[in-house]
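The structure appears right after this line, and notes come after that.
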Amino acid sequence: MKKLSFLLGVAFWFQLADNSRAGDFSVKVADKEPPGQIGESIRKILQPKAVQLLDGDTPVFEFWFGSEVALKSKPGSADKGLGSIQETTLLGAVSVGNGRRDYKDNEIAGGAYTLRFGLQPQDGDHLGTAEYPYFAVLIPAKNDTQLDGITTFKAMTKASGKDTASGHPVVLSLRPVSSDTGDFPKLNEPTAEHKSVRVKVPGKAGDEKTSIVFELVYKGHGHIQ
């Protein structure tokens, strides 16, 4: 009986280990052009390389960031990077695999999207739902074809939510970081039940070139109301 219990215990721990590995993603940078579905005026300002989040060998998210993300001003410190971005600014593009969920815990339809910078509305409907007000708004490529085609919060959220059942925009949380040193991209767990990829993206404030660093949360959700 003791031997059986021991063997069952060993099998249990091996199963836990397998489950843990199955839940882990890896990250790498690959030389790869942005998806063909992305509009030409947007494609031409994206980097020709993808930040890939992989489940085994299968990409679950592939991000193409801008060659120079437009900034309002040069951030004074690493943690001010997200605050230097104007709302609706194009951050890049993303290809999403099946079965992914956004920060509202809604399923994201697989496909190609643009990524634009959004700020959470400061109203009663959104109070306390997220630690930080910064978001990447995912817009289906067919709904966002021109670099300067979306310039208002209303137009951005309408284009993002046009094909969702609820009409709510598809969003991923962005989090500031305190340091711009280290290796990028890098997987991280910035807070409980959240997993992110830390990225460093080229930026430009006027004629001055710089960069911004932030966490992009790919797993986890806010306080759902």
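Every position in the sequence shown, counted from 1, becomes a number in the working numbering once 456 is added. For every residue, glycine included, the Cβ atom is placed at its ideal position computed from N, Cα and C.
Quiz item: Alpha carbon to alpha carbon, how far is residue 608 from residue 494?
Solution: 20 Å
Quiz prompt | Three-way DSSP call (helix, strand, coil) for residue 670 in this model | solution = strand
Practice problem: Inspect the beta-carbon positions of residue 606 and residue 549 and report whether they are closer than 8 Å. | Solution: Not in contact: residue 606 and residue 549 (Cβ atoms no closer than 8 Å).
Quiz item: Among all the DSSP beta bridges, which residues are the ones paired with residue 519?
Solution: 507 and 550
Practice problem: List the endpoints of the continuous beta strand (DSSP E) containing residue 656. | Solution: 651-661
Exercise. Mind reading off the beta-carbon distance from residue 522 to residue 547? Whole number of angstroms is fine, and I expect it under 8 Å.
Key: 6 Å
Quiz item: Are there 16 or more other CB atoms within 10 angstroms of the CB of residue 678, so buried, or fewer, so exposed?
Solution: With 16 or more other Cβ atoms from the protein chains shown falling within 10 Å of its own Cβ, residue 678 counts as buried.
Exercise. Put residue 647 into one of helix, strand or coil per three-state DSSP.
Key: Of the three classes helix, strand and coil, the one that applies to residue 647 here is coil, per DSSP.
Exercise. Please confirm whether residue 559 and residue 673 have their CB atoms less than 8 Å apart.
Key: yes
Quiz prompt | residue 498 - containing alpha helix (DSSP H), residue span | solution = Residue 498 -> alpha helix (DSSP H) spans 496-499.
Self-check item: Terminal residues of the beta strand (DSSP E) in which residue 615 lies
Solution: Segment 609-617 is the alpha helix (DSSP H) holding residue 615; no beta strand (DSSP E) there.
Quiz item: Does the count of Cβ pairs from the stretch 588-603 and the stretch 650-664 closer than 8 Å reach three?
Solution: no
Quiz prompt | Residue from 573, 555, 533 and 508 whose Cα sits closest to the Cα of residue 490 | solution = 508
Quiz prompt | Close-in-space but distant-in-sequence residues of the same chain around residue 652 (CB under 7 Å, 5 per side omitted) | solution = 631, 644, 646, 671, 672, 673 and 674
Exercise. Have a look at the DSSP bridge pairing and note the partners of residue 569.
Key: Looking at the DSSP output, residue 569 sits in a beta bridge with 550 and 596.
Quiz item: From what residue to what residue does the beta strand (DSSP E) around residue 486 run?
Solution: 482-487
Quiz prompt | C-alpha gap between residue 480 and residue 517, whole angstroms | solution = 14 Å
Exercise. Report, in whole angstroms, the separation of the C-beta atoms of residue 574 and residue 524, which I expect to be a contact under 8 Å.
Key: Going by Cβ atoms, the distance from residue 574 to residue 524 rounds to 20 Å, so no, they are not a contact pair.
Quiz item: So which of 502, 659, 628 and 619 has the shortest CA-CA distance to residue 565?
Solution: 619
Practice problem: May I ask you to report which of helix, strand or coil DSSP gives residue 603? | Solution: coil
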